[in-house]
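2 protein chains.
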Amino acid sequence: MAKAADVYFAVDPWKIIEKGFNPAYSRVSESVFSLANENMGVRGYFDEGGCQDSLRGFYVNGVYDVEHIGRSYKGIIDKSHFMIPTAEWLGTCITVDGEKLELQQSNFSDFSRTLDMRAGTLERSFIWHTASGKDLKITFLRFLNMVNRERAYQRITLKACNFAGKVGFSSAVSFDIAHEGRGKCFWQDVKCEASKNSVMLKGRTLQSEQEVFAGAIVDVSATVDVKIAGKTAVVSCTLNLVQGQEIRADKRAVILFDGTEGELLWQNGLKAMDALGNETIEDALRIQREYWDAYWRTSDIQIDAAEEADEDAVTAEQQGIRFCSFQLAQTYSGGSMRHNIGAKGLTGEAYNGHAFWDTEACCLPFYLFTNPAAAKDLLLFRYNTLQNAIERAKMLDCKGACYPIATLNGDEACPLWQHASLQLQPSTAVAYGIWHYVHLTKDQEFLRQYGAEILLQIARFMASRVELGGKNGKYGYFGVMGPDEFHMMVNNNAYTNYMGMRTLAYAAEVLEQMRCEFSDQYAKLVQKTALDEDEIKDWMHIARNMYIPQDPEGLIEQHDGYFDLPHTDINAIPVNEFPLYEHWAYDRIYRSDMIKQPDVLMFLYLYNSSFTHQEKLINYDFYQPRTIHESSLSPAIHSILAAELDKMDEAIRFFGYATRLDLDNYNRNTREGLHITSIALAWVNIVYGFAGLRSDGEMLRFAPRLPDRWKRLQFSVIYQGRVILISMEPGKTSFRIESGEAVEVMIYNQLYTLDKNETMIDRQ
Amino acid sequence: MAKAADVYFAVDPWKIIEKGFNPAYSRVSESVFSLANENMGVRGYFDEGGCQDSLRGFYVNGVYDVEHIGRSYKGIIDKSHFMIPTAEWLGTCITVDGEKLELQQSNFSDFSRTLDMRAGTLERSFIWHTASGKDLKITFLRFLNMVNRERAYQRITLKACNFAGKVGFSSAVSFDIAHEGRGKCFWQDVKCEASKNSVMLKGRTLQSEQEVFAGAIVDVSATVDVKIAGKTAVVSCTLNLVQGQEIRADKRAVILFDGTEGELLWQNGLKAMDALGNETIEDALRIQREYWDAYWRTSDIQIDAAEEADEDAVTAEQQGIRFCSFQLAQTYSGGSMRHNIGAKGLTGEAYNGHAFWDTEACCLPFYLFTNPAAAKDLLLFRYNTLQNAIERAKMLDCKGACYPIATLNGDEACPLWQHASLQLQPSTAVAYGIWHYVHLTKDQEFLRQYGAEILLQIARFMASRVELGGKNGKYGYFGVMGPDEFHMMVNNNAYTNYMGMRTLAYAAEVLEQMRCEFSDQYAKLVQKTALDEDEIKDWMHIARNMYIPQDPEGLIEQHDGYFDLPHTDINAIPVNEFPLYEHWAYDRIYRSDMIKQPDVLMFLYLYNSSFTHQEKLINYDFYQPRTIHESSLSPAIHSILAAELDKMDEAIRFFGYATRLDLDNYNRNTREGLHITSIALAWVNIVYGFAGLRSDGEMLRFAPRLPDRWKRLQFSVIYQGRVILISMEPGKTSFRIESGEAVEVMIYNQLYTLDKNETMIDRQ
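From first to last, the protein sequence lines stand for chains A and B.
In this text, residue positions in the first sequence follow the working numbering: the first is 162, and each later residue adds one.
In this text, residue positions in the second sequence follow the working numbering: the first is 162, and each later residue adds one.
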């Protein structure tokens, strides 16, 4: 845990504030000041440019291009896809007396940049002191409409402080944008048109041949001139400023990616432009505020500092957890089954926009308890890409469906075969996600209509990939990489075996139940999938005979031979050797008992109720000192288990940077984008860790353990139509149903019925 | 062993003969009809072209270019190098009445192509029936001078059978040649000049910036015209043919790659052209014949059929083993320490011309017993690339020298990290090669001057790569791939541990001996390598405590957990699934006890005297049925051990295609080039297998076991300046020193002194 905060932003419970501009921190700020509305995302870059270290990333969810890798061996992908930047609609140029505004060249003061998490806006302002001695105050406001998600807004406010006169102004929409990592523009056949103060463009990607419409209306109190050059349309004018008065340039944009193309897309774009024209920015700002108000009412986590605690530090945690919640809700809030959650969301090119198994394994609980409809949509994404997973399984000489380790469109996009071919956890995580969703929501209709088919195909895959082991005579997975990516091609990885066992058993159970209770739907499914009922028996047989290597004390061996590995003292590794992937020879990380991230502990977390306290304790004590946390997903799982085991010091230590991973740039790579899926675990860390929520048993369970430095931790969860408000204080916790029916839950292992009256439980 | 002969060429004891031309077999023929003289190699393609399925491969040993792969992780190479085709000097165009000779279009008869292994020439002839009704007999002869190795020759003989008249003729030398796999010409800055009937060219490679001179003198009885166009120079003329008389066009070429460049290379080229001009083709042909006569006198293996045997089949074996010997001697015969032996020699682009650990592990015995000076040169190649191996070890976070798995110039060129980073056998094989060479030749001077330094650096590497194991408390190698490439990243691979142990112990022993007996040389070496004497103690400590997993019966576990792997019945794999790398998903081959090639059996073969009969028997019986022989290097090792264990049926079955692997295209990929390193094992298979030669004990040992279908097997070996002639007949074997001193050897475990008189030993 050789990681330290790099504190830069001002602490505020509801805002992220940058006072003064530090070019060296430019890309980190761009990432932190990202906005998104699930449909699109934009880094917090300067509208007017002029910043040397900058990634002008504007991304539309689902827009990607394809690269051919060349065929090597069977089962190794020969093409990959990656998110590309899309129509850049914020480009602005401001000139005074022939001098162009570029902050790294210009003289300026009073710089501030503020992300307002209640308003859902990003604002930046400063006073530009021109070479000609004029002071011009400029404010940039931007936001992405959370309701009409193809709409985006920019408001530029200019105020001549000490002069009256002309300011040159232009505003562009452009498809002439390069993917930074690949140094290339992936847009072709760009059509541009203009009409008065509007511009309309349409572009097509090179290989994937996706089409996107981008248009903007620029409202200024001046005569505008529109120029089209190549892939760019520019609206320009001269603004006449009166001293002391504010003048505005408003830009309302539409970025439409609706699956249509050609003339139809163009017409859809024009219609969207018409609709946009009927709504003012003020209207949009009000609706945006209402949206976020509603969000915070149900989804906020409130933290208050204890008397003796450092109040600023706790406010920083408060700010941090809200930032996590805000970014997660921006990245994904449901409503589309075409999208998933990229490891970096829509905030950068790193990881190519790909979603990993993080979605089901890490992010899902956040949605299950704050936005169950979004959780369902995430699972429907997997249903809609089931065919891709079936094709992938075939490539691997297997049956059924193998879900990709990295994807935007459902196809495997990870060019590293060792991950793409050996990691079975995306498939078992989808099965777990279905189980978890159905278990919590009782949405049997979803299960029968979608879930059962996915489960069937995943079970087929897991049954075709399993081997009957050598000496132990049991089933197991050979040649796999478990969640711990520091052990590549191992046999009987306990996580994979255990998750495979649960997957097979659950699939069999679901299908058996369907056969008995919904025979028509079952018959249709059997026909569609050519299911042989012996398959189900086979799954049950495998599940019953799966090898889980556990000693009499309960210690589980991570994989065959793990206990025979040389020991690495992880505390002896010098700080400057992190991250290990950059500083160690690639093969060196695979040669000892050092673990990248929880593996055994991961399934003890996922199926928490299935293991005894003693099992959790012995495994935690064994694996914790061997885990180096090179994945940002790692510490939260450790923190949750430490809290459960009443190791509160460790729980708090591992929680350490969870809420402020990106705000304080702990991993020194926030410049590449936000760790969106890790951000989800900050929420999980608090709710599962300190409130002790467990959601895998018969009913919800709580075991609140408030850290000493907090006076209060309050949040609510949505559970089967109810909103349950939990308010933890030192020594006691109150539970109350805010809306909906009474419900039975376990608190500290005792049964309680929660209702609209407060149930107050003492700390145990 | 689901492989079958694809018989195409005529059987002859000294020649490879193709009667009639089969376009479908074109590339296989091109490979089989390859010529080389170590310095250069040429596939048997048609001088005049016109063959659709053809690879016009002419290669100069050591000429390569470089491609950048892009950096991924530390220790994974970011650039690779590969052999490229060099100046094509055989290009010929023949026209009659405006019709161009192209065999796949033209009408022809009496086609034959013959490789003469005593003459060292390739001859092709046919009668061309032109559309205008003329019959023209054409003979192409080519050879590469085995003595003056920059010289190459082509003789074209034309005979007008039924007409008199004009024939258009032109002959080219060109650098305008593409690497087929990469679809690109790697030659630039080509300079061309002409003088009378001579052309001179010089080209430079794109990235590696190597320069090659190519020139030719074309002797024809006609006035010639020389044209230079781009990277090509063409000599043309009109030949006046008299009916029934032969007319010749002789081309003598120089291809010079001597490490110089620019004007110096040009001058060297011109000098070489002058020298060439002083020697006729007849002279060169005579010298070539003398060279090969001398070669066969000492290196031939003669096989005679038993009375009851199929004589043709045995003649085919005789032809096969001579073909192997001929190709191996062509590819490498010593005299240059810049060259090694590519897996495909100089016969194709597959494997990029790279040499693997095959050189020391497979090829060296052939040279040790037929051409010890060449064996020394092969080891000096490793000495000359020691610095590259030191750099490579650093890349891998190790000390000392790590030899590459694939290379032309000493740098690691294998872009597959799993091979380049995990296979330690190139390094241990170099150490083994030094030991084997010194053990047999007693060349202590080589050992002190070169070998000791290599051994020191390899021992350093092996000591820095070793780990102190987990439970067993011994040393071992973790995260390695042994010779069996079907188990990728395993721990305590017995081969790697055993070879590491022997390497460390031998290095320590050599250095200790130097310290005591040659203190000056030792002191210099210590200074040069900054050797700390504690290092030597450390190596001995590791060697003494190396983990070799062997049970009380002597069975050795291939690697940790091997015995716990699922079993694959290799006989149940359908024939059409071979080769597995093409038909199975890549990761699937790693999930069972199926073995690609000998691993435990490999070190039982290499250090044969160190293991008991019982150890060999139990391990052979265990591993043999699990080995699928997907490497062409595999069956010979099995055959040798089977013969030793008196399993003669199996020994003969595994010997099966050894001598005719390429002649009968057993692996169905001879079209890509010859399996040069496998060819070496055909010789080893006979000498170690059926003569039972063992060279790792105190003295040479023999245990002749003649296969029933042979009446006689006769060959000689060179041993410490002696030539020992061994002649095996049913029931008895005679030994005789042909030249040199008497020597003691073991035959069937009894001591004999061989001298110039015949020693006759009965079969035991």
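Glycine included, C-beta positions come from ideal geometry on N, C-alpha and C.
Assess contact between the segment 490-510 of chain B and the segment 531-542 of chain B, defined as three or more Cβ pairs (one per stretch) separated by less than 8 angstroms. Is contact present? Judged by pairs of C-beta atoms under 8 angstroms, the segment 490-510 of chain B touches the segment 531-542 of chain B, as three or more such pairs exist.
Count the other CB atoms, across all protein chains shown, that sit within 10 Å of the CB of A/D782; report buried if there are 16 or more and exposed otherwise. Classification for A/D782: exposed.
List the endpoints of the continuous beta strand (DSSP E) containing B/K363. From DSSP, the beta strand (DSSP E) with B/K363 extends over S359 to T366.
As a quick exercise: from A/E443, A/A490, A/A567 and A/R814, pick the residue whose alpha carbon is nearest that of A/Y456. Of the residues A/E443, A/A490, A/A567 and A/R814, the one whose Cα lies closest to the Cα of A/Y456 is A/A490.
For A/W745 and chain B, any beta-carbon pair shorter than 9 angstroms? Yes, its Cβ sits closer than 9 angstroms to a Cβ of chain B.
Local conformation of B/L251 per DSSP, three classes: Reduced to three states, the DSSP call for B/L251 is coil.
So, at 7 angstroms on beta carbons, what are the nonlocal neighbours of A/F272 in its own chain, with the 5 sequence-adjacent residues on each side left out? For A/F272, where only same-chain residues beyond five positions count, the Cβ hits under 7 angstroms are G181, F182 and F287.
With a threshold of 9 angstroms between beta carbons, is A/Y234 in contact with chain B? For A/Y234, the answer is yes, since a Cβ of chain B falls inside 9 angstroms of its Cβ.
Of all the options A/L437, A/S335, A/G210 and A/Y598, which has the alpha carbon lying nearest to the alpha carbon of A/P184? When only C-alpha atoms are compared, the closest one is A/G210.
Are A/R316 and A/R303 closer than 9 angstroms when you measure CB to CB? Between A/R316 and A/R303, the gap from beta carbon to beta carbon is short of 9 angstroms.
Beta-carbon within less than 6 angstroms of B/F772's beta-carbon, same chain only, minus the 5 sequence neighbours each way: which residues are those? Excluding residues within five positions, the ones whose Cβ falls inside 6 angstroms are L765.
Where B/K603 and B/L762 are concerned, what is the direct C-alpha to C-alpha distance, given to the nearest angstrom? When the Cα atoms are used, B/K603 and B/L762 turn out to be separated by approximately 27 angstroms.
Could you give the DSSP three-state label for B/R232: helix, strand or coil? Coil.
Let me know the secondary structure DSSP gives B/C524 once reduced to three states. Helix.
Assigned exposure category for B/E928 - 16 Cβ within 10 Å defines buried: No answer is possible for residue 928 of chain B: it lies beyond the span of chain B, which begins at 162 and ends at 925.
Extract the residue ranges of the alpha helix (DSSP H) inside the segment 725-799 of chain B, only unbroken runs of 4 or more that lie entirely within it. Those alpha helix (DSSP H) runs which fall completely within the segment 725-799 of chain B and span 4+ residues are 741-744, 761-767 and 774-784.
Using a Cβ distance threshold of 8 angstroms, determine whether the segment 744-760 of chain B contacts the segment 245-255 of chain A, with at least three qualifying pairs required. Cβ pair count under 8 angstroms is below three, so no.
Show which residues of chain D have a CB atom less than 7 angstroms away from the CB atom of A/K632. No chain D is present in this structure, whose protein chains are A and B.
Quick one: which chain B residues come within Cβ less than 9 angstroms of A/E628? What A/E628 touches in chain B: L726, P727, R752 and S753.
A/V224 versus A/R609 - alpha carbon distance: Approximately 31 angstroms between the Cα atoms of the pair.
Name the residues in the segment 223-249 of chain A whose C-beta lies less than 7 angstroms from a C-beta of chain B; which are they? The segment 223-249 of chain A vs chain B, Cβ under 7 angstroms: Y234, K235, G236 and I237.
List the endpoints of the continuous beta strand (DSSP E) containing A/P246. That run of the beta strand (DSSP E) goes K240 to P246.
Quick one: give me the first and last residue of the alpha helix (DSSP H) that B/V599 is part of. Taken as a continuous stretch (DSSP letters only), the alpha helix (DSSP H) holding B/V599 covers Q586 to T602.
Would you please verify whether the beta carbon of B/R927 is less than 9 angstroms from any beta carbon of chain A? In this structure chain B extends from 162 to 925, so residue 927 of chain B is not present and cannot be described.
Close beta carbons around B/R553, own chain, < 8 angstroms, minus the five adjacent residues each side: Excluding positions up to five away in sequence, the list reads A562, C563, Y564, P565, D572 and E573.
Distance CB(B/W844)-CB(B/I482) smaller than 9 angstroms: Contact flag set, yes.
Tell me whether the beta-carbon of B/G817 lies closer than 9 angstroms to the beta-carbon of B/P796. A contact, by the Cβ cut-off of 9 angstroms.
What are the uninterrupted segments assigned as alpha helix (DSSP H) that are 4 or more residues long and contained completely in the segment 500-560 of chain B, given in chain order? Taking only runs of at least 4 residues, the alpha helix (DSSP H) segments lying wholly in the segment 500-560 of chain B are 525-531, 533-545 and 547-556.
Using alpha carbons as the reference points, say which of B/D173, B/H597, B/I922 and B/S888 lies closest to B/T275. Of the candidates B/D173, B/H597, B/I922 and B/S888, the one whose C-alpha sits nearest the C-alpha of B/T275 is B/D173.
Classify B/M162 as helix, strand or coil using the three-state DSSP reduction. Bear in mind that the predicted position of B/M162 carries a pLDDT of just 43, short of 50, making it unreliable; the figure below should be weighed with that in mind. In the structure shown, B/M162 sits in coil (DSSP, three-state: anything other than H, G, I, E or B).
Pick from A/L629, A/A620, A/D754 and A/I898 that is closest to A/D693, judged by C-alpha positions: Measuring from the Cα of A/D693, the nearest candidate turns out to be A/A620.
For B/I230, does the count of other Cβ atoms within 10 angstroms reach 16, so buried, or fall short, so exposed? With fewer than 16 other Cβ atoms within 10 Å, it is exposed.
Short CB-CB distance (under 9 angstroms) between A/S582 and chain B: With 9 angstroms as the cut-off, A/S582 counts as an interface residue toward chain B.
Any C-beta of chain B sitting closer than 9 angstroms to the C-beta of A/D695? Not closer than 9 angstroms to any Cβ of chain B, the Cβ of A/D695 fails to qualify, so no.
Between the CA atoms of A/A550 and A/G1004 - distance to the nearest angstrom: Residue 1004 of chain A cannot be examined here, being either before or after the span of chain A that is shown, 162 to 925.
Contact list for B/Y456 against chain A, beta-carbon separation under 7 angstroms: Chain-order list of chain A residues neighbouring B/Y456: empty, with the shortest C-beta distance near 41 angstroms, by a criterion of under 7 angstroms.
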